[in-house]
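Here the structure comes first, spelled out in structure tokens, and everything after it is commentary.
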Amino acid sequence: MTQLEFDQYISPDGVVYKLNDNVGKFIYGLEGQGMPPIKYQTQQGPLQHGETPLDFRLGPRIISFVFTQNGGCRTEYWSLRSALIDAIRPNRKTATQFPGTLRKILPDGTIRDLYVLIESGPVFVGSKEGEWDEFSIKEALRFIAHDPLFFNPVVKSYTFILTINQSLVFPITFPIDFSSDSIDVTTNITYSGTWETYPIITVEGPLNGFIIENESTDERIFLNYNIPAGTTITIDLNYGVKTVVDNTGTNLIGSISSDSDLATFHIAPNPEVAGGINTLSIYGSNAALGVTDITVKWYDKYIGI
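With my numbering applied, the sequence shown covers 5 to 309.
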């Protein structure tokens with residue numbers, strides 16, 4: 005029977021290690037892909053029986069399973085051991101990526117990724133007395149996902165189609181320049197994930213006083229900065245990042261207004277936003293058609309699979 009479901013480990017430097025392939029690699033006893041640990045925040049008033057739940061936080065997720073691989077001789081056995089250790093060792097990190105990725109490919113082709121680090125294994129336990137299996141690997145592997153959310157690795161994006169609100173100021177001075185003015189654009193983004201996601205917003209100038217607002221969550225970001233033509237500002241809202249830089253690497257986070265929702269701005273799932281339909285609006289002045297570009301990128305995230 006043809007295998008339709010696969011599990012892979014992808015190292016931070018991009019090496020793909022197949023954990024099952026319907027030939028000689030198999031895993032069983034896979035645990036930890038459902039709901040992650042949940043810690044509820046509660047309060048208790050005077051004389052109150054029990055507690056009142058206020059909020060919750062997700063804890064790190066543990067993924068564990070038994071991995072087996074058959075070899076044909078001791079030489080191949082040692083080669084298999086070396087390949088497994090080399091693939092999952094934690095020091096394969098790169099300058100931009102520390103955790104590796106566990107990838108689940110479902111029978112319908114759906115892909116779900118999870119950032120993980122190896123926590124224990126392989127230890128290569130010897131055969132039990134009375135058994136002889138010295139050509140194969142059978143090891144318990146335990147990974148920890150400090151970010152417990154699965155995600156679709158295909159980046160979703162929306163580029164705003166700009167319309168210019170041109171206005172004439174009298175008396176008119178010739179020649180009249182219709183090339184740049186203010187923008188006010190609204191669109192609906194339908195989000196299919198089951199957990200909130202934090203987007204990356206890129207703005208290519210010219211544009212002054214850029215504002216983006218998620219009307220569905222009542223959150224906004226105001227960049228009090230005049231972006232010249234040829235300059236691109238990247239606002240990365242992911243946790244552990246929260247940066248605002250231009251294409252030269254200059255830090256512009258100080259240009260974000262104090263009343264902006266930089267820490268919490270997100271695209272929300274259903275039912276936080278009905279049907280996952282997020283209404284995004286952008287504003288600014290001194291835009292130029294065909295030059296100014298505003299794009300929002302995100303990953304669909306899921307609490308479990």
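Just so you know, even glycine gets a beta-carbon here, dropped at the ideal spot from N, CA and C. On a predicted model such as this, the values are computed, not experimentally measured, just so you know.
As assigned by DSSP and simplified to three states, the class of residue i
i, result
"THR105", "strand"
"THR56", "strand"
"TYR81", "helix"
"ASN212", "strand"
"ASN255", "strand"
"GLY197", "coil"
"LEU88", "helix"
"ASN228", "strand"
"ARG61", "strand"
"ILE180", "Any answer about ILE180 is weak, because its pLDDT of 40 lies below 50 and its placement is not dependable; what the coordinates show is given next. Note: ILE180 maps to coil in three-state DSSP."
Segment limits, beta strand (DSSP E) that includes residue i
i, result
"ILE205", "204-208"
"LYS43", "42-47"
"ASN290", "281-292"
"ALA144", "140-149"
"LYS22", "20-22"
"LYS302", "In the sequence as presented, Lys is not what sits at residue 302; that position holds Trp. Here the beta strand (DSSP E) through TRP302 covers 297-302."
"ASP240", "236-240"
"ASP250", "247-250"
"LYS160", "160-163"
Burial state of residue i, where buried means 16 or more other Cβ atoms lie within 10 Å
i, result
"HIS270", "buried"
"VAL277", "buried"
"ASP181", "Its pLDDT being 45, under 50, ASP181 is placed unreliably in this model, and the value from its coordinates should be taken loosely. Looking at its Cβ environment, which holds fewer than 16 other Cβ atoms inside 10 Å, ASP181 is exposed."
"GLU217", "buried"
"ASN255", "exposed"
"TRP199", "buried"
"GLY125", "buried"
Chain-order list of residues whose beta-carbon lies under 7 angstroms from that of residue i (same chain, five-residue window excluded)
i, result
"LYS43", "PHE60, ARG61, GLY63"
"THR238", "ILE204, THR206, VAL249"
Residues near residue i by beta carbon distance below 8 angstroms, same chain, minus five either side
i, result
"PHE30", "ASN24, PHE71, THR72, GLN73"
Same chain, Cβ closer than 6 angstroms to residue i, neighbours up to 5 away in sequence not counted
i, result
"GLY308", "GLY38, MET39"
is_contact[residue i, chain C] using C-beta, thresh 8 angstroms
i, result
"ASN74", "No chain C is part of this structure, which consists of one protein chain only."
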